[in-house]
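Number of protein chains: 4
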Amino acid sequence: MLVNRRRILVEFGDCDPAHIVFFANYFRWFDDCTTALFLAAGLPIRELFPSHKVLGIPVVEATAQFLAPATHGDELLVESTVAEIRKSSFVITHKFFHGKVRLLEGRETRVWAAAHPTEPNRMKALPLPKEVVERLSGTHKKAGKKSARTRR
Amino acid sequence: MLVNRRRILVEFGDCDPAHIVFFANYFRWFDDCTTALFLAAGLPIRELFPSHKVLGIPVVEATAQFLAPATHGDELLVESTVAEIRKSSFVITHKFFHGKVRLLEGRETRVWAAAHPTEPNRMKALPLPKEVVERLSGTHKKAGKKSARTRR
Amino acid sequence: MLVNRRRILVEFGDCDPAHIVFFANYFRWFDDCTTALFLAAGLPIRELFPSHKVLGIPVVEATAQFLAPATHGDELLVESTVAEIRKSSFVITHKFFHGKVRLLEGRETRVWAAAHPTEPNRMKALPLPKEVVERLSGTHKKAGKKSARTRR
Amino acid sequence: MLVNRRRILVEFGDCDPAHIVFFANYFRWFDDCTTALFLAAGLPIRELFPSHKVLGIPVVEATAQFLAPATHGDELLVESTVAEIRKSSFVITHKFFHGKVRLLEGRETRVWAAAHPTEPNRMKALPLPKEVVERLSGTHKKAGKKSARTRR
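Residue numbers (our numbering), protein chains in the order written: chain R, 302 to 453; chain E, 302 to 453; chain D, 302 to 453; chain F, 302 to 453.
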């Protein structure tokens, strides 16, 4: 399965009066890291969503365990992994580190969602396109690349 | 156990390009609703934390199931409950509604935390003060009130 | 010209490690208060923008003077006014108070903007519709109301 | 005067339903870029503020002109400059670019502020320390560096 690493610099404005990252910001970073994971898989979301006529990949479940706090000036490393792919949803896990210290373990389930055909302000989950499944699972092969690999 | 209700108006800036609330904002609202729950319990956090020499009540675990989306202009009702009180931590649940539609069910575990005595940038969980336990569990009685109740 | 008042409760997560509102949040509140001003004028933006086929009322200039800080638990009062209406733009001023203390004076210029006809990721300012001008300037009269007033 | 450049990747969650950066986020980035400018000047704020016993450098005036919108996936370049240094305040300007397109020109005035000696929830501006003035104005010389430069 696909893994991606991304660095995050904790800013002053990310922190609360307890001088630690306000916890909701980690979920904002979940989203940024999932975007980065998709990009690493060859799936830039800005083009991906309109080209497939979907609204996006909304989160249907998110969970996080906060193991240690971080503060501004800390440079974090986030390791994001595609943990599971289902018919119309998938699971991403995120692990946040500051140096060797593990700060957070999180998990989000997202769906491939379009506007609901009849009800406004609702969404409808659709089956994940084959290309998205292949790219997220790391089994995607480009035509050119495939033959190149076959030759070796 | 204590329950509190709070209204939230979803603003334009709370929503993302999919025209729904950006999911991390719900966790921001978890915090606001926990503050409101504490206030309803007679525990205003601005005075509570310095008077007990703690940094606050950081979240050590948070989870949410997103059942239906909301968009700007929606007025949400959040029902927050003290679900469990342990020695130095407690669990709050939040249920978000838009009219009769249940939008979200969430749960957060928080600790009563002071600055770590020896290591900077770390926190240390402390036993919950008796008054906080009583107020969160709804068993707190003021001296005056108690006698008043006894009289009836 | 139209004036609207709105209350804002400063939350823990709105504040930074200096224990005061992180200044960027005031600009978020500018947006919320402009939405409330539009609503008070009979212009709910969720219906207004799609019905006029515009993207919204993006800010082209914003400025604020921060006169005194606020912290969590403070309840602020914001007074928002339509200060000027031009052909395709308008100026809103916001004054923030905490009790009798004036905290902030701000000003934003916004345009009535649609998607650019030929260039993606750009916008195009359009003339403000007559109804919007009338409602923001407080000169709008409903057919029924007008006659009711004339009668008095 | 000191100049610093910093890249910002616009994320999905930074954008609003009009598919452009929600304008308040630029002011969040002002803060991040000022922190980066201070770091480039040899003034890491996490150590700087406590070592000088100040609360920070709160903004007393901020202004921005929004010239063109940006959306998620855009990588912005921000050029931040110390434009003016006064007794207890200073002015920073920020210019945001996307490729060759200028997106924003902004300006913020900040003060060097400590807790107010007698009134809680207030701040007091103090004269900027000599080292901070020298570093922000680019005239600071380290003992070792100075002689090295003199030798040339």
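Note that beta-carbon positions come from the ideal geometry of N, C-alpha and C, so glycine has one too.
- Put simply, the backbone Cα of F/Trp-413 is about 50 Å away from that of R/Ser-352.
- Taking C-beta separations shorter than 8 Å and ignoring five residues to either side along the sequence, the partners of R/Asp-317 in its chain run Phe-323, following chain order.
- With fewer than 16 other Cβ atoms from the protein chains shown falling within 10 Å of its own Cβ, E/Ala-384 counts as exposed.
- Against chain R, a Cβ distance below 9 Å from D/Gly-400 picks out nothing, because the smallest value is about 21 Å.
- Along the region 373-392 of chain E, the positions whose C-beta sits under 7 Å from a C-beta of chain D are His-373, Gly-374, read in chain order.
- According to DSSP, residue pairing for R/Met-424 in a beta bridge involves R/Ala-416.
- Taking 9 Å as the cut-off between beta carbons, none of the residues of the region 408-420 of chain D comes near chain E.
- Looking from the CA of R/Leu-356, the closest CA among E/Ile-321, E/Glu-348, E/Asp-315 belongs to E/Ile-321.
- In summary, F/Met-302 is exposed, with fewer than 16 beta-carbon neighbours lying within 10 Å of its beta-carbon over all protein chains present.
- Distances from the alpha-carbon of D/Pro-421 to those of F/Ala-319, F/Val-311, F/Ile-309 put F/Ala-319 closest.
- For the 9 Å CB-CB criterion, R/Thr-335 and R/Ile-393 form a contact.
- Per DSSP, the unbroken beta strand (DSSP E) holding F/Arg-306 starts and ends at 304-310.
- The three-state secondary structure of E/Ser-390, taken from DSSP, is strand.
- CA-to-CA, the gap between R/Ala-337 and D/Arg-308 works out to about 38 Å.
- Here the alpha carbons of D/Leu-310 and D/Gly-374 stand approximately 7 Å from one another.
- For F/Phe-398, the secondary structure class from DSSP, reduced to helix, strand or coil, is strand.
- At least one CB atom of chain F sits nearer than 9 Å to the CB of R/Gly-357.
- For F/Ser-389, the closest C-alpha among the options F/Glu-409, F/Phe-367, F/Glu-376, F/Ile-358 is that of F/Ile-358.
- Here R/His-399 is buried, its C-beta having at least 16 other C-beta atoms within 10 Å.
- At a Cβ-Cβ threshold of 9 Å, R/Leu-368 and R/Leu-344 do not count as neighbours.
- Listed along chain F, no residue sits closer than 9 Å to D/Ile-309 by beta-carbon distance, the nearest being about 14 Å off.
- Taking the Cβ atoms as the reference, F/Asp-333 lies roughly 26 Å from R/Glu-406, outside the contact range of under 8 Å.
- Just measuring C-alpha positions, the residue of R/Asn-326, R/Tyr-327, R/Ala-341, R/Gly-314 sitting nearest R/Arg-436 is R/Ala-341.
- In this structure, F/Lys-354 sits away from F/Ala-426, with a CB-CB distance that is not shorter than 9 Å.
- F/Val-379 sits away from F/Arg-411, with the two beta carbons spaced by 9 Å or more.
- Under the Cβ distance rule, R/Glu-362 counts among the residues neighbouring chain E, one pair being separated by less than 9 Å.
- Here E/Thr-336 carries a helix assignment [DSSP, helix/strand/coil].
- Taking the C-beta atoms as reference points, F/Asn-326 is found nearer than 9 Å to F/Asp-315.
- Per DSSP, the beta-bridge partners of E/Phe-367 are E/Leu-405.
- 9 Å or more divides the Cβ of E/Phe-339 from the Cβ of E/Ala-365.
- When Cβ-Cβ separations below 9 Å define contact, F/Ala-325 makes contact with chain E.
- Taking the Cβ atoms as the reference, F/Arg-408 lies roughly 26 Å from F/His-417, outside the contact range of under 8 Å.
- Taking the C-beta atoms as reference points, R/Leu-429 is found nearer than 9 Å to R/Phe-391.
- With respect to the 9 Å criterion, F/Ala-363 and F/Phe-397 are not classified as neighbours on the basis of their beta carbons.
- In the structure shown, E/Ala-325 falls within a helical segment according to DSSP collapsed to helix, strand and coil.
- When the five nearest sequence neighbours on each side are left out, the beta carbons in the same chain lying within less than 6 Å of the beta carbon of R/Ile-346 are those of Thr-336, Phe-339, in order along the chain.
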